[in-house]
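> First the structure, which I've put down as structure tokens, then a few questions once you've had a look.
There are 2 protein chains.
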Amino acid sequence: MILQKTHKILIVGLGLLGGSYARALKKQGFSVSAITLDRKSIDFALENGIIDKGSTQVDRQMLQEADVIVFALYPHVFVDWIRQNGHLLKEGTILTDVTGVKSGLVQKIQSMLKPGVEFIAAHPMAGRELSGVENSDDSIFRGANYIVVPTEKNTFGAIELCQSLGKTLGFADVSVLPPKQHDEMIAFLSQLTHCIAVSLMCANDAANLERYTGDSFRDLTRIANINDEMWSELFLANRETLLGVMDSYRSNFDRLYRCIQNQDREEMRSMMRLSTERRKRFDKKV
Amino acid sequence: MILQKTHKILIVGLGLLGGSYARALKKQGFSVSAITLDRKSIDFALENGIIDKGSTQVDRQMLQEADVIVFALYPHVFVDWIRQNGHLLKEGTILTDVTGVKSGLVQKIQSMLKPGVEFIAAHPMAGRELSGVENSDDSIFRGANYIVVPTEKNTFGAIELCQSLGKTLGFADVSVLPPKQHDEMIAFLSQLTHCIAVSLMCANDAANLERYTGDSFRDLTRIANINDEMWSELFLANRETLLGVMDSYRSNFDRLYRCIQNQDREEMRSMMRLSTERRKRFDKKV
């Protein structure tokens with residue numbers, strides 16, 4: 055089953071990511087509606103042609119019309135939404151999401167749904183240090199990765215549909231990972247980097263640092279501008295795994311520290327060469 | 055004393071930075087010559103109009119003609135060069151450099167020079183993860199910071215000349231810091247960030263990580279592609295100061311670790327809010 059122009063898409067939660075999904079899908083000719091709490095977000099999206107229809111309340115007709123529903127909500131809000139409104143979903147609807155942590159969440163959502171409604175989780179590895187539909191921008195998907203995160207409850211058809219959604223949105227690479235492996239990857243690649251940036255930014259309050267900085271510090275701390283409500287929830291949702299990758303990162307940091315302390319230049323250089331070699335694989339292919 | 059078009063510039067060490075200096079100065083109409091070991095670098099620079107004259111050997115006539123000499127060499131090579139060739143410099147010549155650590159170096163170079171030859175240190179906060187004059191590019195100076203690093207031996211005239219060199223090269227902000235303060239800033243803003251990127255890259259050898267990554271990891275580890283010969287020398291040249299900033303960063307990282315471990319969401323969020331607030335000052339003004 056592949057996403058087709060006749061499929062009607064509903065976005066629940068019209069913020070930065072929801073809005074970027076809507077923009078990308080509208081440009082491809084899809085019919086897109088949205089449900090979100092904030093009136094201003096709906097008005098902005100309608101005025102700018104980002105959606106066709108919008109509502110600030112759970113609109114039964116929109117739910118009945120939708121073939122694919124994308125949830126772009128905080129994890130606990132997503133769970134609450136399904137608990138309250140899951141019974142209103144029509145049979146055959148495919149649900150997907152954008153949530154950053156999967157292990158606890160996916161099985162919980164799947165167990166709450168009535169038969170005939172399927173949730174296939176996904177994680178778009180794209181974002182901006184801004185929020186709200188006003189800042190949405192589908193060019194953030196270009197060159198980026200999209201991960202489909204199925205469980206044993208998912209059908210082949212829904213996985214395939216979700217993969218084709220990723221391609222339609224414009225992602226460069228669409229891959230598939232089970233929840234546990236997804237959360238391990240994301241702990242290292244995304245959550246740990248945010249921990250590092252926040253720690254670094256908290257470590258020095260000297261005046262005028264910005265007058266002396268170079269791009270390395272700017273690039274490393276870009277994500278230190280962080281949504282504390284969302285990220286603290288995501289960190290705690292992936293707590294054990296995140297603590298594990300923090301440990302392994304710190305043991306390497308400590309090893310480099312000892313090299314500098316002991317003036318062990320050869321060991322230091324071997325770490326740098328390993329790092330250089332590994333980094334080469336990560337350049338963006340745009 | 056301000057840099058003028060009649061000043062003849064000599065670059066010693068025509069790599070990425072030396073080449074970028076030469077490009078910027080030639081575009082402004084200066085006469086630029088270069089001394090570098092590698093014949094191919096000279097040939098490339100002459101063929102591409104990056105310099106007017108070049109030599110692979112210490113050319114006495116070039117030294118006699120030069121009003122300003124920019125040294126773009128590894129620190130120990132710079133010291134060796136002055137030891138061997140310092141007596142050939144003509145009275146009135148102003149020397150400057152691009153070296154990343156200053157405290158040990160600046161006083162040493164100044165003490166080796168004959169009367170009438172003045173060394174005013176500088177640190178251009180710009181670079182690329184590539185080397186060689188073939189990759190030089192003066193657009194890296196746009197929006198970037200340039201730090202003049204005088205000691206009590208420097209004259210007002212030489213400091214002023216060096217500031218105007220930074221402006222002429224196209225830097226957005228030119229500031230002045232004594233060597234000790236410079237090295238403290240740079241330990242935190244530049245060396246620590248490189249330590250973090252290298253440690254992070256060494257911490258995980260899972261396959262296919264690049265298929266799941268987002269931009270935060272890419273941006274943070276850009277500098278993990280590192281020249282191990284140069285950076286290991288710079289780390290050891292600033293050893294005590296670098297260990298100090300590594301300690302204060304790690305104590306903040308450990309604090310965040312304990313927040314996650316103890317599920318102390320409020321403390322975690324207060325670190326994130328501080329980090330967000332501080333980060334706002336660092337956006338590039340281009």
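Chains as they are written, first to last, in my numbering: chain R, 55 to 340; chain V, 55 to 340.
Each residue gets a CB set at the ideal place from its N, CA and C atoms; glycine is no exception.
Since the model is a prediction, treat every value here as computed from it, not as a measurement.
#1: Whole angstroms is fine: what's the gap from VAL230/V's alpha carbon to VAL203/V's?
#2: Can you tell me which of the three DSSP states SER87/R falls into?
#3: Whole angstroms is fine: what's the gap from ASP151/R's alpha carbon to SER165/R's?
#4: Below 8 Å on the Cβ atoms is my contact criterion, and I expect SER253/R with PHE307/V to pass it. Report the Cβ-Cβ distance as a whole number of Å.
#5: Roughly how many whole angstroms lie between the Cα atoms of GLU188/V and ALA99/V?
#6: For THR295/V, which residues in chain R fall below 9 Å Cβ to Cβ?
#7: When we look at the beta-carbon of ILE174/R and count the other beta-carbons within 10 Å, is it buried (16 or more) or exposed?
#8: Output yes or no for whether 8 Å exceeds the beta carbon distance between SER329/V and ILE280/R.
#9: Quick check on GLY232/V: does DSSP put it in helix, strand or coil?
#10: Helix, strand or coil: how does DSSP classify GLU145/R here?
#11: Quick one: grab the DSSP three-state call for ASN199/V.
#12: Whole angstroms are fine: how far does the CA of SER244/V sit from the CA of GLY268/R?
#13: Among all the DSSP beta bridges, which residues are the ones paired with GLY67/R?
#14: Specify the secondary structure class of GLU287/R as computed by DSSP and reduced to three states.
#15: So is ALA14/V in contact with chain R if we call contact Cβ pairs under 8 Å?
#16: With H, G and I counted as helix, E and B as strand and the rest as coil, what does DSSP make of GLY103/V?
#17: Under the assumption that HIS248/R contacts ILE277/R (Cβ atoms under 8 Å), give the Cβ distance between them as a whole number of angstroms.
#18: When DSSP builds the beta bridges, which residues end up paired with SER109/V?
#19: Please confirm if the segment 154-173 of chain R is in contact with the segment 97-114 of chain R, defined as three or more CB-CB distances below 8 Å between the two stretches.
#20: Counting pairs of beta carbons, one from the segment 301-316 of chain R and one from the segment 299-315 of chain V, are three or more of them closer than 8 Å?
#21: Does the structure place the segment 221-240 of chain R close enough to the segment 207-219 of chain V that three or more beta carbon pairs sit under 8 Å?
#22: Among SER85/V, GLN138/V, HIS130/V, ILE96/V, whose alpha-carbon lies nearest the alpha-carbon of GLU119/V?
#23: Taking the runs of the alpha helix (DSSP H) that are 4 residues or longer, which of them lie wholly in the segment 206-251 of chain R?
#24: Measure the C-alpha to C-alpha separation of ASN208/R and PHE242/R and round it to an integer number of angstroms.
#25: Under 8 Å between the Cβ atoms of ILE148/V and VAL122/V?
#26: Compute the Euclidean distance between the alpha carbons of TRP135/R and SER270/R, then round it to the nearest angstrom.
#27: Under 8 Å, Cβ to Cβ, is there at least one residue of chain V near HIS130/R?
#28: Looking only at its own chain, which residues have a Cβ that is under 8 Å from the Cβ of ILE314/R, when we skip the five neighbours before and after it?
#29: Among PRO232/V, LYS59/V, ALA88/V, GLY298/V, whose alpha-carbon lies nearest the alpha-carbon of GLN82/V?
#30: Does DSSP put VAL171/R in a helix, in a strand, or in coil?
#31: Measure the CB-CB distance between ARG333/V and MET255/R and report whether it falls below 8 Å.
#32: Applying the 10 Å Cβ sphere with the 16-neighbour rule, what's the burial state of ILE194/R?
#33: For PRO178/V, I'd like the list of residues in its chain whose CB is within less than 6 Å of its CB, leaving aside the five on either flank, ordered along the chain.
#34: Thinking VAL66/V and ILE89/V are a contact (beta carbons under 8 Å), I'd like their distance in whole angstroms, please.
#35: Which residues bound the beta strand (DSSP E) around ILE123/V?
#36: Indicate the three-state DSSP secondary structure (helix, strand or coil) for LYS156/R in the structure shown.
With the structure as the only source:
#1: Approximately 6 Å, taken between the alpha carbons.
#2: Per DSSP, reduced to three states, the secondary structure at SER87/R is strand.
#3: Computed Cα separation, rounded: 16 Å.
#4: About 4 Å separates the two Cβ atoms, so the contact holds.
#5: Rounded to whole angstroms, the separation of the alpha carbons of ALA99/V and GLU188/V is 8 Å.
#6: Contact annotation for THR295/V against chain R: no contact, minimum CB-CB distance about 11 Å [criterion: below 9 Å].
#7: When all chains shown are included, ILE174/R counts as buried.
#8: Cβ distance < 8 Å, so SER329/V and ILE280/R count as in contact.
#9: Correcting the residue type first, residue 232/V is Pro in the shown sequence and not Gly. Secondary structure of PRO232/V (DSSP, three-state): coil.
#10: It is coil, neither helix nor strand.
#11: Strand, per DSSP.
#12: Rounded to whole angstroms, the separation of the alpha carbons of SER244/V and GLY268/R is 7 Å.
#13: In the DSSP output, where bridge partners are listed per residue, GLY67/R has none listed.
#14: Helix at GLU287/R.
#15: Any question about residue 14/V goes unanswered here, given that chain V covers just 55 to 340.
#16: Secondary structure at GLY103/V: coil, using DSSP grouped into helix, strand and coil.
#17: Indeed they touch by this definition, with Cβ atoms about 5 Å apart.
#18: According to DSSP, SER109/V bridges with ILE89/V.
#19: Contact fails: fewer than three Cβ-Cβ distances are below 8 Å.
#20: Contact between the segment 301-316 of chain R and the segment 299-315 of chain V is present, because at least three Cβ pairs lie under 8 Å.
#21: Short answer: they don't touch.
#22: Nearest C-alpha to GLU119/V: SER85/V.
#23: Runs of alpha helix (DSSP H) with 4 or more residues, each lying fully within the segment 206-251 of chain R, are found at 210-223, 233-240, listed in chain order.
#24: Cα-Cα distance, rounded: 26 Å.
#25: Yes, Cβ-Cβ distance for ILE148/V and VAL122/V is below 8 Å.
#26: Their Cα atoms are separated by approximately 41 Å.
#27: Taking Cβ atoms only, chain V never reaches closer than 8 Å to HIS130/R, which makes this a no.
#28: These residues qualify, in order along the chain: MET322.
#29: Answer by Cα proximity: LYS59/V.
#30: In the three-state reduction of the DSSP assignment, VAL171/R falls in the coil class.
#31: The answer is yes: Cβ separation under 8 Å.
#32: Burial is judged here by how many other beta carbons sit within 10 angstroms of a residue's own beta carbon; ILE194/R has at least 16 and is buried.
#33: The residues are VAL152, TYR200.
#34: That belief holds up - the Cβ atoms of VAL66/V and ILE89/V are roughly 5 Å apart, short of 8 Å.
#35: Run containing ILE123/V: 122-125, per the beta strand (DSSP E) assignment.
#36: Note: LYS156/R maps to coil in three-state DSSP.
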